[in-house]
Structure formats: C-alpha cells, structure tokens
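Chains Y and U, in that order, give the protein sequences.
Take the first sequence: its position 321, counting from 1, is numbered 321 in UniProt numbering, and each next residue is one higher.
Take the second sequence: its position 177, counting from 1, is numbered 177 in UniProt numbering, and each next residue is one higher.
Below you'll find the structure, written out as structure tokens, and then a few comments.
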Amino acid sequence: MADSDGRQVDSINNATDEDVKLQEIVLAKNEGKELTKEEKQRLRKEKKQHKKSKKDDKGPPEKEKVKEKASVPVPSKPATQSPAHKAAPVPVNASASESPAAAEKPAKSKAELRAERRARQDSDRASKQGKKEVGQQSASSKPKATPNELQPVVKRLPEHVQVDDPAALKKLAKKLERQQVPLRSDYGYKVSLFSHLHQYSRKNPPTQQISIPATVIHPSIVRLGLQYSQGIIAGSNARSVALLHAFKQVIQDYSTPPNEELSRDLVNKLSPYISFLSQCRPLSASMGNAIKYIKKEISNIPSQCKEEEAKGELQACIDSYINEKIILASEAISKYAIEKISNGDVILVYGCSSLVNHILCKAFEKQRKFRVIVVDSRPRLEGRETLRRLVKKGIRCTYVLISALSYILPEVSKVFLGAHALLANGYVMSRVGTSQIALVAKAYNVPVLVCCETYKFCERVQTDSFVSNELDDPDDLIVTRNGKTHLENWQTVKSLGLLNLVYDVTPPDFVDLVITDLGMIPCTSVPVVLRVKNVDQ
Amino acid sequence: MMFCCESCCSFVLQVFGMELQAVLMAAGGGSRMMDLTYNTPKPLLPVGNRPLIWYPLNLLERVGFEEVIVITTKEVQKALSTDQRLKTDVKMRLDVVCIQEETDMGTADALRHIQQKIKTDILVVSCDLITDVALHEVVDLFRAHNATLSMLMSKVHEFTDTVPGQKGKKKAGEQRDFVGVDVTGKRLLFMANEADLEEGLVFRKSIMRKHPRMLIKTGLLDAHLYCLKRSVVDFLVHNKSVTSIRGELVPYLVRKQFSKFLNTKNATEDTEKNQKQQDAHHNLELLSTSKEEALLQLARERSCWNDHRGDMSEAYHGGKLRCYVHIMEEGMCYRVNTLAAYIEANRVVPKLFEDPPIHPTAVVTERSLVGSDSIIGPYCQISDKTSIKRSNVGTSSTIKEKVKITNSIIMNGVTIEEGCNIQGSVICNNAVIGRGADMKYCLVGSGQCIEPEAERTNEVIVGSDQLMEI
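Now the structure itself:
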C-alpha cells in the first residue's frame, strides 16, 4: 500500500490531468481488475466538472471532505479495488490541502481535484436535500429522488402506468395482499403502445374474490366499486360525489379502536378502500383531489376531539366540499358561460358532460335562444343521454356521430366541452374524441370553450394521450348486427388487438377559453390557479 | 381464494354493520316426496352421503358467511348439533330458531317470526338447494343496482332416470312459471305461474311502455335463493296476509315495480283514496325511499348512464323498487323437492367433491367390485363378490355377499342380505332387504323389511302408518 501511495503522490505531483487519469487506469489495470462502473462514471463526471470548475464555489472545509471520502467508497462495489479507491483520493486530498498555493501544473491538477471534490460534495448535498424534501412534502406531490451521481436516477411513476414492468406488478401484488384487497387480472391482448396500462374485463368483476357479506372492505365501498366497474356511475362529478357519499357512510360506521387516534387510524382504514376502488376502475383526477382533501381534514382533527364530534365535523366537511366545489361551482360556471351564449347561437357539445348539460339547461331557462348539436362516438354513445336530457328540457337538438364533424362544423358558432381534468401545463384531459373536436373547430375558426371546476385541476403534466390513459373493456367494441358478431372470437386471432381508449389530451392552442368557478381564464393560467390553491391550503 | 382475515374478522365486524345476513329455511315438510320424508325430515335426507341441509350451508360458508340463521324444526336442530358431518364440516355459527311442526308456517311467516334478529339486508336460502353457482353474480345485481329483490333461476334439467313408483309417463301438467325479463336478461319484469292465470298472460301497459322488448321464458327453475332488502322484512311485519315468499311476496314485488303509487312523487295524495290498501303500498315506498339520500340522487343525476334507451325517462324510469334475476346458463342447480330430483341429485353430487369415493372407515373386501362412480359412506361393510355400480351407499350399511346394486341409492343403516339384486331403486334408512330379493325401480320406505326372494318392480313399499296419513 505504501508503495502505491508513494507512487501515486509522486505521479500526481508531477503529472498533468490526463496523466492522473492514466495513472489511475494503469493502477487499476495493474491490480488486475477492470474499471468499475463507478470509477468510469467518476471519470466522466470529473471531465464535465473540470469544464465547469471555474463557475463552482469553493468547497467546504476538511470535515466534508472526510465525510465524502467515507461516503464515496460506500456506494461502490465492495471489490478489492475499493482500498485502492480509498487510497487514491486520500493522498490526493491530503496533498491538495497540504500545498494550497502551487505552481501551474500542480494548480491545474489541484483544480481538477477540487472539481472532483466539488462534484462529490454537490452530489452529497443534493442527496441530503432530496431526503429532506421527501420528508417535508405532503401527500400532494409525488417525491422525486434527485439524481445521485453515483446512483441510477430514480423516478417514481404511479403503478397504473407501469403494468409492463414485472417489478412494479409484484410490488402492487404485495401491497394488495397486505391490505387484503383482491388483485384484478388483466384481460385480453393489449395493443403494444398501451401495454403499460391495465385492461380489465367487465365479465370478471372485482367482487369475484370478495366474501359475500363484505367484511374487509366496507359494503358501501364494495357497492361503489361495482358501480364504477359496470359504468353505472360514470362521469367525473358523479364519481366524486358517489365517492364522498361512500366515505360519509364509512365515517359513520367507523369506531376508533382502543389506543388509537382517529386522525391517524381512519386514514389507514381508508387506504385499502382506495386500493380496491382503483382496482375496480382507475381513479380520476377529481377523485384523487377529493381523497387528498379528506385525508387532510382527517389528519387535522385535534386529538382531544371526541369521536362523535370528530365524525360530525368530517361529515360536515364533506358536505361543504361537495356544496362548494361541485354544486356552487357549477352555478358560478353557468353564470359565466351564459354570458358567452347569445341568441341565435349554434352550440356544439360532445359526449355527456354533466356541467355542460347544466349550463345549457340554465341558459335555456334564462330564455336564451340557441340550438345544440350533439356529437357522439362509439362505443360509449354517451351523446344519447345528453340528447335525452336536452330534449326533455325543450332545447332543439341535432345529433351526429363524430365522423360527421367536419360536415356540421360550418354551422356551428361555439363549441362547449367538458373536461375530466385540467393538467398543469394547460392540456385538457377529456373523453377520447375531444381533441379531434377541438382540432377541427380550430381549423374552422370556431371558438372552443372548456368548462371545468377548479377541483379537477391536477398537478400532472402530460403532452400526449399515450403515457397515462385508461383502457376500457375491449369487448365493448364488439357489435352484433343482423345476428352476426364478426369480432366474437377476436382473441383467437393472434395479431388482432382491440383498443378501447377512454381519455385523450387536447393541447392548449386549440382551447380558447376555460370557464372555471374562479372566472374565465386562458388555458395557460392553470398552473397559476394551482399555485394559488396550494398557497391557500 | 377468500380474502377474509380470520383473526381480525370479529373486530372488523364491530367496525361496520354487516352487509347481508343469511337465513336458511329448513322447516319445509317435503310435501312432494312424502315417501321419503315421512320418517326423516327433508333437511336430513342423505344426498351423496351428506344430509341435504349440508349443501346450502356449504355454499354459504364457501362464499364467506360467518353466521347463518336457520329456521327449522326440533328434530333437525338436534341433528345439527349431533351429526358428525354437520358439526365438524360446518364452521359457521348457526343460530337455530325452532318452530313447531304443527303450525303451518309459510316462509314469509317465518321471516316475520325472526324479524327481531334481522338487522340488515337478508339472503334467504332454501334447504333443498344444491348448486355451484357463483353467488356473487346474484349479490352483485343486488348491490350495484340497489335492488329490492335479487333472485336466482336456472334452466330446468330434464330428469331422464326412471323414478320408482311412477306409473306411466311423467305428467306434463307441471304448472309452468312464466318469467319475463328485459333485453339485458337481468331485470325481472314479470312473473306468473300458470296456476294463477285464467286464460292467458296479462301485461300492464306501463310495463310495455317502459320495456317494449321483453323476453318471456318458461323453462326456468326457481332456486328459491333471494336477496331481500331490510325494508321488505318491515313490510312483511306490517302486512300479515303474506305467507309465502315465493308464492306471494315475489310476484307482489315484481308487480309493484311498475305500480303508479311508487313512481309518482306525490304518493301522499294517493293514500287518501283507499286508506288500507294504500297504507300497505305506501309503507313499502316510504321504507325504501327514506334511505335514498340526497347525495346518491345527485350522483345519479350527474352520471351519464341509463339502463335503457329510446325514451325520455331517466335511469330505471325513476322507479325506486327494482327486481333482478340471475339466470344460470351453465352449472349445476337442483332443488331436491321431488323424488326425481332427489335421484338426479344423488347421481350428480359426487362429482362435486374431491372426497375419496370410498370412505376410509368403510370395510370393502377385495373381491367386491365398486365402480368408480359409486360412493360408499363411513362404517359400511361391503362383502365379497358384491358389485356396486353408479350407486350411493350410506353410513353404516351392510351389504352381504353376491349382491348386485346398480343405479340405486342406499341410505343409512340399511342391511342387504346375500344374493340380492337391486336396480334403480331407493332404499331408505334402516330398511332390511331379505336374501335373494330382486328389486327393480322400487322405493323401500324407512325401516321396512322386504321378505327374502321377493320380486318387486316399480313399487313403493312403505309402512302402514304412512298409508294412514294419506
């Protein structure tokens, strides 16, 4: 060891940057092993840092250097090179600290060493900060592990977009087993572009493996999950309201076990229910926000509060949330939207949005003269429900399928669209087909107005419809006409995949205005609203 | 795989009320097979060497029920606590309610009798049901649509085996059931029995207006498995005239789905007309709508789902009372209430289990031939040169040498002497068949003795006391 030390010190004192590296490589080769991955990475990083070394600040004192020395060899593989590793930086640093003021050549090498040190310190500081951030952040945003130079970059993706990753699936299976929630298996061949998403069949309901008087999962949650998976409760607002109603019943039936606090235990009790619901149907953005709100309210219950009082308070919170965010919000949005509807308008709507229906009915009550064109698409054919509600009210309606869109658009004066969620970069996530409507409307210069309550704003960012979506039951695409079902045995054809997408994202360039309960804002103002909301909370 | 954690179950049940309570109706007399049941109560008849009541109990246990309310007679109650199979195999808690045999209690009367115990929605099962249905299909309809009634039906199987004692062809005059379902095949729109109809089927216009496409099915067997809402039990308490679930309550509920009173929002005005009648109907509506909360209503309004299309009504046509049926296309579903059904069930049931066909405690000598589709119960003694094919032999029966048994059902404690030939017959408990007897398609009643060298074909041999009852 001493020999190599001496050799190292000599070489560093005399050689240039390249020589140092060469020496290290030679040293490693002399030892008889190849460079470890960490060493290679370190070399690469050193080169980069050398370029940036003039901009970096001076490194902190000796202590940190020592700490780094300790931390640096730890992540590397416990090969016999690590002693050589440790030996190399130790004399390097020692020599650097011993002789601060040096000549040109040593200075260069010292600068290079300093760059190394700084690189290590930066990475250490960053990882420490990352850990602190993780601790501080609430459940609202996903913790992002900052890239550690000597560790691979860790990005936490939600489970439901990692279906093709067996490790993620295993983790999910373990988590569900721990919570005693049955795992729903995927069905059918998935189109390769969407193989990272779940695809369930309605013929295998999630209740197959649940005991009949549901004991592990509250009966109202089981009922809700069934209603989600069968599509009986569909639509962002309806799902959120039904979810909150079910939570009210859960809270009603809840009793704190001894030696537990309601604020902590109730949140733990809700986790398996939420897992079950996401197995039935992936959670929507509005549901996610509602759940966040409930969890926050529950954890804010003071510990000295009596159980009955706490439960009453929570029920009141839920009621006020629904009242403010859904009912009153739709009233406010209607008021703003009615300003935009003038007599003689031809309004185009797509699918079935509860909010847009509400707006149109309110506008009709206010004696506005307009007619509506309802655009519909398979397989859901939700436009029929819109048509029914509007015609029942007395509004003149036309019904077309989306394939007739470009023929009907010259007649249209405005397009009103509903949204499932508004993403942080201004993209609108809505029923599949919405982006097409917005695109063609833009081409015809027809204004597109999106109506969305603020509780549907979500901090996710997405620029395409592939990365995160929902795959519905592929058997819905099968249709029987004249007694013949051509796609009956689609599973036997190996190269055939049926794709039933549910959502798509519309870029903000196609959307002219977003009408929210806070007012009428452009699509790009969504992050501002989110920021304001976070500050409020 | 059941996700029911044993250790924390009792604790969890305290946390929230149970979703469903199971009620097993085991007080029926078996009036359509008196030859078998005059000495043995129907729930204790052996089918596949297990008492009949074991099958519904097993079904409930498999699905995850923890306790069952059993309504039965004293004799069956005694057997439930003493019988090996029932005591050890059934792990649920059985809450046995005894009723006197003499009182002619209908199933609805029985529900009224136990109404104090009923705290939530109930699942009523009959003791003579043998099925492998996935029960979640029935209960899911009940849960998802918030239904008042959800029941199970199955395609009727034609019984092909010759039934002992039946002279001539089976009378085709079995009263048919007419069941009307909507296009999806799940919503129950119409139910009537041929016996109640005078000339033809009568449909209300309101049904035709709401469901223009209705499928009428006749070849269906009612499994007598019902999921009922709690409010129905309360309704029964108020209306003491309803005695039978299947005979009166179910057709009433199916009719009431389309009743004017329940669908108008101003039901209160109607009650002034005919106080007594309206009160009864009104009760049912009140009891079922009081639970509907404003939030559920809001959720339904905002939801873009409808169960039908083509007219201007909202989902379920705004009706509060809904009845659903799950019709089993494949799988096994038997109601053991006739002799033919009993024989058929005995034939099919051994395939359900993975039990060894020959019970380990049975003594079967090497020279005997027991077919692979026969089952031998515990403590039996099968002697040499005996051939048993496609038959069930019950507990503690003794079969002597050179006996040939084909296609038969031998119950418990039977002694069959040497040289007998038994074909297609049913030998009840504790009977003795004398030496060399030749029985073809006979039914030998409980405790009867057949003299040696007897030759009987297609006869029902029962005791004189039984004859007296008829």
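Ideal Cβ placement from N, Cα and C applies to all residues, glycine included.
Quick caveat, the model's predicted, so the values are computed rather than measured.
> Along chain Y, in chain order, which residues have C-beta atoms closer than 8 Å to that of U:His-136?
Replying inline: Pro-205, Thr-207, Gln-208, Ile-210, Ile-212
> Is the shortest distance between the beta-carbon of Y:His-420 and the beta-carbons of chain U less than 8 Å?
Replying inline: no
>> Just to confirm my understanding: we take Y:Val-181, look at its own chain, exclude 5 residues before and 5 after, and list those with CB closer than 8 Å. What are they?
In response: Val-216, Ile-217, Pro-272, Ser-275, Phe-276, Gln-279
> Name the chain U residues that come within less than 9 Å of Y:Ser-354, Cβ to Cβ?
Replying inline: Glu-301, Arg-302, Ser-303, Cys-304
> Does the stretch 224–243 of chain Y come close enough to the stretch 255–272 of chain Y to have 3 or more Cβ pairs within less than 8 Å?
Replying inline: no
>> Taking a contact to mean a Cβ-Cβ separation below 8 Å, would you say U:Asp-128 touches U:Val-336 in this structure?
In response: yes
>> According to DSSP, is Y:Val-428 part of a helix, a strand, or is it coil?
In response: strand
> Given that Y:Gln-227 touches chain U, what residues does it touch there, using C-beta distances under 7 Å?
Replying inline: Ala-144
>> From the DSSP secondary-structure annotation, give me the bridge partner or partners of U:Tyr-334.
In response: U:Ile-130
>> For Y:Ile-437, which residues in the same chain have their Cβ closer than 8 Å to its Cβ, ignoring the five residues on either side in sequence?
In response: Leu-348, Tyr-350, Val-375, Ile-402, Leu-405, Val-415, Leu-417, Val-448
> Residues in its own chain within less than 8 Å of U:Pro-452 by CB, not counting five upstream and five downstream?
Replying inline: Glu-417, Gly-434, Arg-435, Gly-436, Ala-437
> Using the C-alpha atoms, what's the distance from Y:Val-505 back to Y:Ser-342?
Replying inline: 28 Å
>> Suppose the cutoff is 8 Å on Cβ atoms and the five residues either side in sequence are ignored; what does the same chain contact list for Y:Ala-102 look like?
In response: Residue placement at Y:Ala-102 is flagged as unreliable, the pLDDT there being 41, under the threshold of 50; a coordinate-derived value is accordingly withheld.
> For U:Tyr-342, which option in U:Pro-43, U:Glu-19, U:Ala-26 has the closest C-alpha, if you only look at C-alpha atoms?
Replying inline: U:Pro-43
>> Here's a check: name, in chain order, each residue in its chain whose Cβ is nearer than 6 Å to the Cβ of Y:Ile-318, leaving out the five neighbours to either side.
In response: Leu-244, Lys-248
>> Quick check: the Cα distance between Y:Val-429 and Y:Pro-282, rounded to an integer number of angstroms?
In response: Note that residue 429 of chain Y is Met in the sequence shown here, rather than Val. Spanning the two alpha carbons is a distance of roughly 15 Å.
> Under the DSSP definition of a beta bridge, which residues are partnered with Y:Val-415?
Replying inline: Y:Leu-348, Y:Val-448
> So which residues of chain Y does U:Val-63 contact, with C-beta pairs closer than 9 Å?
Replying inline: Ser-211, Ile-212, Pro-213
>> Is U:Leu-309 close to chain Y? Criterion is C-beta to C-beta, closer than 8 Å.
In response: Before going on, a small fix: residue 309 of chain U reads as Arg here, not Leu. At least one chain Y Cβ lies under 8 Å of U:Arg-309.
>> Please return the same chain residues whose Cβ sits closer than 6 Å to the Cβ of U:Asn-458, not counting the five positions on each side in sequence.
In response: Tyr-441
> Is the stretch 60–71 of chain U close to the stretch 150–165 of chain U, with three or more CB pairs under 8 Å?
Replying inline: no
> What in chain U is Cβ-close to Y:Lys-500, meaning under 7 Å?
Replying inline: Here residue 500 of chain Y turns out to be Asn, not Lys, going by the sequence shown. What Y:Asn-500 touches in chain U: nothing, since even the nearest Cβ is about 17 Å away.
> At least one CB of chain Y closer than 8 Å to the CB of U:Glu-19: is that the case?
Replying inline: yes
> Under the rule that 16 or more other beta-carbon atoms within 10 Å means buried, what is U:Arg-347, buried or exposed?
Replying inline: buried
>> Looking at chain U, is there any beta carbon in it that lies within less than 8 Å of the beta carbon of Y:Arg-388?
In response: yes
> Could one say the Cβ of Y:Asn-259 lies closer than 8 Å to chain U's Cβ atoms, at least one of them?
Replying inline: no
>> I want to verify the contact list: residues of chain U whose CB lies under 9 Å from the CB of Y:Lys-233, in sequence order.
In response: According to the sequence provided, residue 233 of chain Y is Ile. The question's Lys does not apply to it. Here the neighbours are Ala-299, Arg-300, Arg-302, Ser-303, Trp-305.
> DSSP three-state call for U:Pro-46: helix, strand or coil?
Replying inline: strand
>> Within a Cβ cutoff of 7 Å, which residues of the same chain sit near U:Cys-333, ignoring the five residues on either side of it in sequence?
In response: Thr-131, Val-133, Ser-154, Leu-221, Ala-223
> Just curious, the alpha helix (DSSP H) that Y:Asn-268 is in, first and last residue?
Replying inline: 262–280
> DSSP state of residue 479 of chain U, grouped into three classes?
Replying inline: In the structure as shown, chain U starts at 1 and stops at 470, and residue 479 of chain U therefore has no counterpart that could be examined.
> Residues of chain Y with a CB under 7 Å from the CB of U:Val-139: which are they?
Replying inline: Ile-212
>> Across the stretch 188–198 of chain U and the stretch 227–241 of chain U, are there enough close Cβ pairs to call them in contact, namely three or more that are closer than 8 Å?
In response: no
>> Please classify U:Pro-356 as buried or exposed, where buried requires at least 16 neighbouring CB atoms within 10 angstroms.
In response: exposed
> Buried or exposed: where does Y:Phe-457 fall if 16 or more other Cβ atoms within 10 Å of its Cβ makes it buried?
Replying inline: buried
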